[in-house]
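For the record, in the sequence shown the residue sitting at position 76 is 616 according to our numbering, with numbers rising by one throughout. Note sheet for the following structure.
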Amino acid sequence: MSGAARGRVHVHADARAAAAAVAEELASLAAQAVEARGRFSLALAGGSTPRALYRLLAEEPHRSRVPWHGVHLFWGDERCVPPGHPRSNFRMVREALVSRVPLPEENVHRVRGELSADLAADDYAHELRAFFGGEPRFDVVHLGLGDDGHTASLFPFSPALRVRGRPAARALQPGTGEPRVTLTVPALNGARRVDFLVTGAGKARVVGRVVRGALDPFRLPAQLVRPRDGELHWHLDVPAAAGLDPSGG
Ligand code: 6PG
């Protein structure tokens, strides 16, 4: 697959600059989408990297630029824990963003992690199909990258990688066996735009393998993310981008 199909790479000085650039981009895309289509659908990543981004969206200048009444938040994945649990991705986003902006409650489409993984996945799939009137077409899906090449909760060699015909599926975190719900590959690839935000020297090797290395998508599930009719962008800081330089310089 050509480099272009692997997405457009944006390298920023450091993690804060990368988060600031993505915040600016999301605020602008939200305003354009609400103007054009009356709403902006955004699927968010969990984990630690995007917290700074979410906080920036809740602060000026972005807070007053975003048409929050038209923004609809979804999650790329969720741990099957109650919404107030420290491991909940919903809780992280509520603390960093939702509790700090005038977002209508009905615009928050969380995964009901308090249910079993199968029930939560079915419930989320129903909500996605109701919102999109069919299979999802997110305006933006925001993703992170695990150092094993996973994204959302699409883990290497997992059954969730092969799920077709539904937008959400159960998953299990390797090692811990923690039950999860994840957007499926077709749901991710239906997006108008997918943004990866990856920072830190610890991710350099996996970034190089995913973006420049041999295609091995079941070992590196992030390689399965290729929007069918949309854009793919990688926002990296300099340390994470070091893996893209063959000389490692
Ligand atoms: C999750 C995330 C997961 C995350 C990566 C990177 O629920 O943990 O959705 O896919 O994006 O594991 O996590 P960090 O940003 O913490 O490195």
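We treat Cβ as the ideally placed atom computed from N, Cα and C, and that holds for glycine.
Pair within 8 Å by beta-carbon distance, residue i and residue j
i: Arg650; j: Pro623; result: yes
i: Ala592; j: Arg677; result: no
i: Gly797; j: Pro779; result: The first residue shown for the chain is 541 and the last is 789, placing residue 797 beyond what the model contains.
i: Val549; j: Gly616; result: no
i: Phe758; j: Leu701; result: yes
i: His775; j: Ala558; result: yes
i: Ala567; j: His602; result: yes
Nearest-angstrom Cα separation, counted from residue j out to residue i
i: Val746; j: Ala573; result: 32 Å
i: Phe614; j: Ala583; result: 4 Å
i: Ala692; j: Asp679; result: 17 Å
i: His773; j: Ala561; result: 12 Å
i: Arg640; j: Phe671; result: 24 Å
i: Gly705; j: Arg720; result: 19 Å
i: Gln713; j: Pro696; result: 10 Å
i: Ser656; j: Cys620; result: 7 Å
i: Glu646; j: Leu659; result: 21 Å
i: Pro504; j: Arg546; result: Absent from the structure is residue 504, since the part of the chain shown begins at 541 and ends at 789.
i: Arg579; j: Leu643; result: 12 Å
i: Leu694; j: Ala661; result: 14 Å
Integer-rounded CB distance, given that residue j should sit under 8 Å from residue i
i: Glu771; j: Arg733; result: 5 Å
i: Asp777; j: His552; result: 5 Å
i: Thr724; j: Pro707; result: 6 Å
i: Ala563; j: Pro607; result: Incorrect: roughly 15 Å between the Cβ atoms, too far for contact.
i: Thr589; j: Val738; result: 7 Å
Own chain, CB closer than 7 Å to residue i, minus 5 neighbours either side, in chain order
i: Met632; result: Gly586, Arg591
i: Arg749; result: Gly689, Leu760
i: Met541; result: Note that Met541 scores a pLDDT of 49, beneath 50, so its modelled location is shaky and nothing firm can be said.
i: Asn729; result: Val765, Arg766, Pro767, Arg768
i: Val611; result: Ala570, Phe580, Leu582, Leu643, Asn647
Neighbourhood of residue i by C-beta distance below 8 Å, restricted to the same chain and skipping five residues each side
i: Val638; result: Leu613, Val648
i: Ser628; result: Glu618, Arg619, Val621, Pro622, Gly653
i: Leu683; result: Ala585, Gly616, Thr691, Ala692, Leu728, Val734, Asp735, Phe736, Leu737, Ala762, Val765
i: Ala598; result: Ala636, Leu637, Arg640, Val641
6 Å CB neighbourhood of residue i in its chain, flanking five on each side removed
i: Val703; result: Ala709, Thr724
i: Ala762; result: Leu685, Gly689, Thr691, Val750
i: Leu668; result: Pro676, Pro707
i: Ala834; result: The chain is shown from 541 up to 789; residue 834 falls before or after that span and cannot be answered.
i: Arg595; result: Ala636
i: Asp790; result: The shown model of the chain, from 541 to 789, leaves out residue 790, and the question about it has no answer.
i: Ala797; result: A query on residue 797 cannot be resolved here, the shown segment of the chain reaching from 541 to 789 and no further.
i: Arg556; result: none
CB contact check: residue i to chain B, cutoff 8 Å
i: Leu685; result: As a matter of chain content, chain B is missing from the structure shown, which is built from one protein chain.
Segments of 3+ residues assigned as beta strand (DSSP E) that fall wholly inside the segment 679-767: 680-683, 708-712, 719-723, 733-738
Ranges of the beta strand (DSSP E) found wholly within the segment 589-662, counting only runs of at least 3: 611-615, 617-619
Every unbroken alpha helix (DSSP H) inside the segment 560-587 [4 residues or more]: none
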